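This report refers to the structure that appears directly beneath it.
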Amino acid sequence: MARYAREVAVVAFAQSDHLRRTDELSEVEMVMPVLHQVLAATGLKAGEIGFTCSGSSDYLAGRAFSFTMTLDGVGAWPPISESHVEMDGAWALYEAWVKIQTGEADTALVYSYGKSSPGSVRDVLTRQLDPYYVAPLWPDAVALAALQAQALIDAGEADEAALAAVGARSRDAAVANPHAQLRGPVPQGDYQVRPLRTGDCPPIGDGAAAVVLAAGDLARRLCERPAWITGIDHRIEAHSLGLRDLTDSPSTRLAAEHAGVFEAPVDTAELHAPFSSQEVVLRKALGLTDEVSVNPSGGALAANPMMAAGLIRIGEAAARIHRGASRRAVAHATSGPCLQQNLVAVLEGDAR
Amino acid sequence: MSKEPVAIVGIGQTKHMAARHDVSIAGLVREAAARALADAELTWADIDAVVIGKAPDFFEGVMMPELYLADALGAVGKPMLRVHTAGSVGGSTALVASNLVAARVHRTVLTLAFEKQSESNAMWGLSLPVPFQQPLLAGAGGFFAPHVRAYMRRTGAPDTVGSLVAYKDRRNALKNPYAHLHEHDITLEKVQASPMLWDPIRYSETCPSSDGACAMILTDRAGAARSPKPAAWVHGGAMRSEPTLFAGKDFVSPQAGKDCAADVYRQAGITDPRREIDAVEMYVPFSWYEPMWLENLGFAAEGEGWKLTEAGVTELDGDLPVNPSGGVLSTNPIGASGMIRFAEAALQVRGQAGEHQVPDARRALGHAYGGGAQFFAMWLVGAQEPTS
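Protein sequence lines correspond, in order, to chains A and B. With numbering that gives the first Met the number 0, letter number 128 in the first sequence gets 127, and the count goes up by one each step, no holes. With numbering that gives the first Met the number 0, letter number 208 in the second sequence gets 207, and the count goes up by one each step, no holes.
Written as structure tokens, this is what we have:
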């Protein structure tokens with residue numbers, strides 16, 4: 000615990016059911032039930048939370064400042080101490096964790112959400128790329144992931160059967176996850192972009208998630224088995240795919256080193272790997288052995304609500320500790336094309 | 000537990016202008032960051048983490064631009080966070096960076112905010128219709144004009160006050176080499192004769208659309224001890240938010256702004272802001288927001304803010320100079336505007352503000368707001384290391 004000034008734990012986690020379309024719901028309506036649920040789990044009211052932070056992306060909503068309306072769902076009256084990252088909610092959690100480390104807050108509410116259904120998320124994500132030289136070519140996320148998958152196959156680190164097995168295992172695990180979008184046997188399907196088939200790619204869907212953080216003894220009062228964040232770090236790599244070895248994820252490894260992942264074995268890993276091939280890369284970077292339970296929730300191949308899927312990995316890892324199903328877990332979130340930016344957190348239960 | 004004191008040891012801005020056709024977005028941000036590093040006499044290798052902010056991604060058409068900008072900002076292999084809290088984002092971004100140092104998670108952090116408005120059209124970027132929600136009515140001016148009228152009606156302020164603010168800020172900008180608008184022939188009569196855009200807001204009482212970036216280097220006590228130039232110290236910082244629209248909202252003087260200021264003053268030990276603060280960099284995108292925020296921030300009693308403006312108190316040589324840099328009315332790269340306020344406040348207490356320096360400024364307030372006047376971010380910086 001000496002790594003940081005304060006002990007901070009995930010004390011509650013909630014998520015929506017992840018659905019292909021939610022035409023009947025505004026973002027606010029999608030987020031509100033999740034916020035109510037996560038607060039109810041701790042008995043705290045919005046006004047009692049020390050700091051609130053959210054993650055989302057205007058590009059999914061198709062309008063500027065979309066998060067300004069979602070704040071209404073929190074019920075920010077009287078005014079609250081609040082911030083927002085235009086990133087996956089995992090980074091909102093990081094900002095909230097830093098705030099608690101300063102001592103200015105003892106609790107934090109973190110939420111994130113994304114509705115991919117109103118537009119074409121494959122087209123939308125091309126707008127993340129270098130706007131002068133790459134974005135005008137509209138290379139989509141599946142095509143870029145396919146480059147990465149092919150590089151892995153060419154390096155002899157995977158084959159199509161191994162990738163298919165990742166997809167099958169994920170959707171098998173998701174049977175036990177009532178929130179997942181794709182569950183049970185799903186045909187591997189046709190090639191989307193060779194060598195990736197439908198089953199190697201994440202479903203497109205809408206969803207939201209929320210987490211409550213608390214410090215020290217307060218965490219112990221709010222939660223029977225707090226999931227202590229004993230390490231958290233994130234790192235970014237060069238943007239251009241030509242500057243990176245796509246078969247490796249040095250930023251994940253570096254973040255893991257700083258978060259202390261390698262200091263003791265983990266029993267669970269929740270990895271934000273939207274493509275089957277990316278799980279192969281992340282397993283290697285994190286040094287995960289076959290004994291580790293990887294994505295027992297089904298992972299992003301079973302539900303991938305943009306901007307929430309990373310926060311959900313932290314929430315799922317924490318929930319396993321809450322349930323007593325894990326003692327030491329690693330949670331991972333990613334952003335950008337082909338795993339450009341990665342966040343790694345270590346979550347631990349009290350020794351018992 | 001104690002927080003690490005946070006020092007600002009490097010500040011860099013671009014020359015702000017309507018269109019920087021000579022640089023890419025990456026070139027623009029790198030220019031500001033390189034100037035901040037040079038000011039601190041540090042190199043890219045000294046930076047532990049990068050915190051970047053800007054207003055909506057639609058303004059440049061780049062989704063989550065931190066991904067593309069990682070290389071230009073020397074962030075490869077480092078942590079990089081992207082903050083977005085509407086117009087207050089530049090301030091919020093600096094506060095997130097400051098917290099990284101205060102929490103002792105990192106020792107030296109580069110924070111930067113930018114907007115390259117010439118890549119798009121901000122007014123229409125803010126006017127996308129959303130079903131069942133009030134649109135921003137032809138840009139931000141359409142949204143804020145009714146609240147200015149409400150202020151005038153509530154306080155009885157004469158309709159000349161707005162033009163006094165614009166005339167002052169545009170004159171101050173002439174002393175700031177980085178300011179976008181340098182109107183050498185500005186007169187009060189010209190401001191008053193400019194076309195009415197959103198009654199009562201005239202053309203010369205509105206902010207321009209700018210390309211620009213602002214960067215700061217924040218560091219801990221040990222870093223400040225090595226700094227070749229005087230540091231500015233963070234004495235207090237806070238963010239507050241409230242919903243955009245609800246029946247109890249006071250758009251003239253939002254509670255979130257009052258609460259945010261009160262929190263900052265409490266942290267900094269300020270009990271009489273009017274006497275104890277030497278300079279204010281206030282987020283004034285439309286001229287009437289100066290008297291409105293003077294009240295909201297506790298510099299004047301309710302209904303009295305316009306009297307300070309009218310009496311010349313907020314002039315560069317007044318006893319509470321507001322926006323000595325020329326402010327948002329003279330320079331508005333939206334996402335960077337809040338950080339410019341924070342950085343200009345720091346320049347004042349470092350004694351580095353050049354021709355627009357307020358003599359002997361010891362404590363200065365940087366202020367930003369955004370959304371439908373719902374997000375607030377402020378910091379108070381001082382020339383001395385804080386005692387508590």
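Note that CB positions come from ideal geometry on N, CA and C, so glycine has one too. Remember, predicted model here, so these are calculated numbers, not experimental data.
So, with DSSP's three-state summary, where would you put A:Glu223? coil
Looking at A:His238 and the ligand MN, is the gap between the Cβ and the nearest heavy atom below 8 Å? As presented, the structure is devoid of all ligands, the ligand MN included, so that no description of it is given.
A:Cys337 - partner residues in DSSP beta bridges: Paired residue(s): none; A:Cys337 is not in a bridge.
Local conformation of B:Ala139 per DSSP, three classes: helix
Contact set between A:His238 and chain B, taken where Cβ atoms lie within less than 7 Å: Leu66, Tyr67, Ala69 and Asp70
Helix, strand or coil: how does DSSP classify B:Phe245 here? coil
Residue from A:Ser115, A:Asp87, A:Ala11 and A:Val279 with nearest C-alpha to A:Thr21: A:Ser115
Less than 9 Å between the beta carbons of A:Ala144 and A:Ala307, yes or no? no
Taking C-beta to C-beta, are B:Val263 and B:Glu289 nearer than 9 Å? no
Residues of the stretch 77-93 of chain B whose Cβ lies closer than 8 Å to any Cβ of chain A, in chain order: Lys77, Pro78, Met79, Leu80, Arg81, Val82, His83, Thr84, Ala85 and Ser91
Close beta carbons around B:Glu3, own chain, < 8 Å, minus the five adjacent residues each side: Val100, Ala101, Ala102, Arg103, Asp219 and Arg220
Nearest chain A C-beta to B:Thr107 closer than 9 Å, yes or no? no
Tell me, which residues are paired with B:Trp232 by DSSP? B:Ala6 and B:Gly381
Any idea what DSSP makes of A:Arg234, helix, strand or coil? strand
Any idea what DSSP makes of B:Cys259, helix, strand or coil? helix
Could you pull the DSSP bridge partners for B:Leu72 from this structure? Looking at the DSSP assignment, B:Leu72 forms no beta bridge with any residue, so it has no partner.
What residue range does the beta strand (DSSP E) around B:Lys167 cover? From DSSP, B:Lys167 is part of no beta strand (DSSP E) but of the alpha helix (DSSP H) over Val160 to Ala172.
Let me know the secondary structure DSSP gives A:Glu262 once reduced to three states. helix
Cutoff 9 Å: B:Ser208 Cβ touching any chain A Cβ: no
In whole angstroms, give me the CA-to-CA distance for B:Ser252 and A:Ala11. 36 Å
If we cut at 9 Å on Cβ distances, does B:Ala214 have a partner in chain A? no
Three or more C-beta pairs under 8 Å: does that hold for the stretch 126-137 of chain A against the stretch 167-181 of chain A? no
Quick check on A:Ala263 - is its C-beta less than 9 Å from some C-beta in chain B? no
Hey, is B:Met377's beta-carbon within less than 9 Å of any beta-carbon in chain A? no
Just by C-beta distance, which residues in the stretch 42-57 of chain A are closer than 7 Å to chain B? Ser56 and Asp57
Using Cβ-Cβ distances below 8 Å, what residues of the stretch 216-242 of chain B are close to chain A? Ala237, Met238, Arg239, Ser240, Glu241 and Pro242
CB contact below 9 Å: B:Val388 versus chain A: Because chain B here runs from 0 to 387, residue 388 of chain B falls outside it and cannot be looked at.
Cβ closer than 7 Å: which chain B residues qualify as neighbours of A:Ala63? Pro55, Phe57, Gly124, Leu125 and Leu127
In the DSSP assignment, find the unbroken beta strand (DSSP E) run with A:Tyr110 in it and report its ends. Thr106 to Lys114
Going by beta-carbon coordinates alone, are A:Leu338 and A:Val280 separated by less than 9 Å? yes
Beta-carbon proximity of B:Ile276 to B:Ala363, cut-off 9 Å: yes
What residues of chain B sit near A:Ser334, judged by a beta carbon separation below 8 Å? Met63 and Leu66
Locate the alpha helix (DSSP H) running through B:Gly211, then write down its first and last residues. That residue, B:Gly211, is in no alpha helix (DSSP H); its beta strand (DSSP E) goes Asp210 to Thr218.
Look at A:Leu346 and A:Thr229 and say whether their C-beta atoms are less than 9 Å apart. yes
What's the gap between the Cα of A:Arg252 and the Cα of A:Thr333? 13 Å
So A:Thr246 packs on A:Ala164, CB below 8 Å; how close in whole Å? That pair is no contact at about 18 Å.
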